[in-house]
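*Asks:* Numbering (my numbering), first residue to last: 1 to 331.
Glycine included, each C-beta is placed from N, C-alpha and C at the ideal position.
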């Protein structure tokens, strides 16, 4: 539980963030030592409940497991990834330890459809990819790790995961250059940034294409605001979805001409934010964040209407002004 990023090493800030995330019943950070076993039991129960909620989303016959015939076609790649024993049935035990909304599941789903499109089984020849789609070839040509002139399923998986690497910060004087996907490791990475580099005043968001975990995104963003850091997007920079939300955490929020701010409806497998009525409690977390950051609530409703979960809308200069995204004019 303390090894948030799953790399086999528990860093000090990683452990601190994990413990802080649990918190005591009275809201105080930390945990009681004599309640550790109870917390572990609750965490296991939560993971099983979350996995069961995922199954229930698609379980048409009510047998508490998923037949492949029950999974929507657009998620069939994810279904194959979760089906560990390849019996075309996904059970609770098979997904209880998997982050079903995580990058690996999304990457597996994408790889499945690539092989389906190219009518391939184990690998796809690079020259074939190039003959069909030059732009796609440019994207994936570096995935061929063994120089076999073909790309296997595993190489596709690792390649896409590398493209969607977790958010990281590179220090440049009083600036921290931020790139990558916001996820469970981002809050403790922000803690490390604040603790180890007090000289940093501004987070320059170079390429932050979204978040895999909105809870972690908003927690990390609140740390940024509480420590008085600024955010900036350069002319060749881009923030999207959760990245745009994270940008709002800056005390001073600036950008250069050409910077991109992408918004769309949040979503996960089986549902989108725009599908819930406006009085649903699912919206509260986002609306409270707008309040805390001094952003009008109308911005959140705009994100739901702007584009679907699998699409993106880039905000206009007028929208940036209307929704108080910037504290200074565009540079």
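Taking the alpha carbon of residue 180 as the reference point, which residue from 208, 159, 313 has its own alpha carbon closest?
*Replies:* 208
*Asks:* Just tell me which of 229, 218, 39, 8 has its CA closest to the CA of residue 19.
*Replies:* 39
*Asks:* What does DSSP give as the partner residue(s) for residue 245 in the beta ladder?
*Replies:* None; residue 245 has no bridge partner.
*Asks:* Based on DSSP bridge pairs, tell me the residues matched to residue 255.
*Replies:* 233
*Asks:* Evaluate contact between the region 242-254 and the region 203-223, counting only Cβ atoms and requiring at least three cross-stretch pairs below 8 angstroms.
*Replies:* yes
*Asks:* Based on DSSP bridge pairs, tell me the residues matched to residue 314.
*Replies:* Beta-bridge pairing links residue 314 to 262.
*Asks:* What number of angstroms, rounded off, separates the C-alpha of residue 132 from the C-alpha of residue 273?
*Replies:* 36 angstroms
*Asks:* Looking only at its own chain, which residues have a Cβ that is under 8 angstroms from the Cβ of residue 4, when we skip the five neighbours before and after it?
*Replies:* 14, 17, 18, 184, 185, 188
*Asks:* Please report the Cβ distance between residue 253 and residue 327, rounded to the nearest whole angstrom; I am assuming they are in contact, meaning their Cβ atoms lie under 8 angstroms.
*Replies:* 5 angstroms
*Asks:* I'd like the list of long-range same chain contacts for residue 225, defined as Cβ closer than 7 angstroms, with 5 residues on each side in sequence excluded.
*Replies:* 249, 251, 293
*Asks:* For residue 98, which of helix, strand or coil comes out of DSSP?
*Replies:* coil
*Asks:* Could you work out which residue in 155, 119, 64, 92 is closest to residue 145 when comparing CA atoms only?
*Replies:* For residue 145, the nearest C-alpha among the options comes from 155.
*Asks:* Assign residue 214 to buried or exposed, taking buried as 16 or more other Cβ atoms, counted over all protein chains shown, within 10 Å of its Cβ.
*Replies:* buried
*Asks:* By Cβ distance below 7 angstroms, which residues in the same chain neighbour residue 320 in space, the five residues on each side in sequence not counted?
*Replies:* 261, 326, listed in sequence order.
*Asks:* Would you list the residues sitting across from residue 267 in a DSSP beta bridge?
*Replies:* 272
*Asks:* Could you please give the first and the last residue of the uninterrupted alpha helix (DSSP H) stretch that includes residue 216?
*Replies:* Under the DSSP assignment, residue 216 falls in the alpha helix (DSSP H) whose first and last residues are 214-226.
*Asks:* What is the DSSP secondary structure of residue 166, counted as helix, strand or coil?
*Replies:* strand
*Asks:* Looking only at its chain, what residues have a beta carbon closer than 7 angstroms to the beta carbon of residue 333, apart from the 5 residues adjacent to it on each side?
*Replies:* Past the edges of the chain, shown from 1 to 331, lies residue 333, and the structure says nothing about it.
*Asks:* Since residue 89 sits in a beta bridge, which residues does DSSP pair it with?
*Replies:* Answer is 67, bridged to residue 89.
*Asks:* Please determine if the region 227-237 and the region 102-120 are in contact, where contact requires at least 3 C-beta pairs separated by less than 8 angstroms.
*Replies:* With the cut-off at 8 angstroms, the region 227-237 and the region 102-120 do not touch.
*Asks:* Taking Cβ positions, are residue 206 and residue 177 nearer each other than 8 angstroms?
*Replies:* It is a contact, given that the beta carbons lie within the stated cut-off.
*Asks:* Going by C-alpha to C-alpha distance, which of 138, 124, 74 sits closest to residue 109?
*Replies:* 74
*Asks:* Comparing C-alpha positions only, which one of 77, 278, 129, 232 sits nearest to residue 305?
*Replies:* 278
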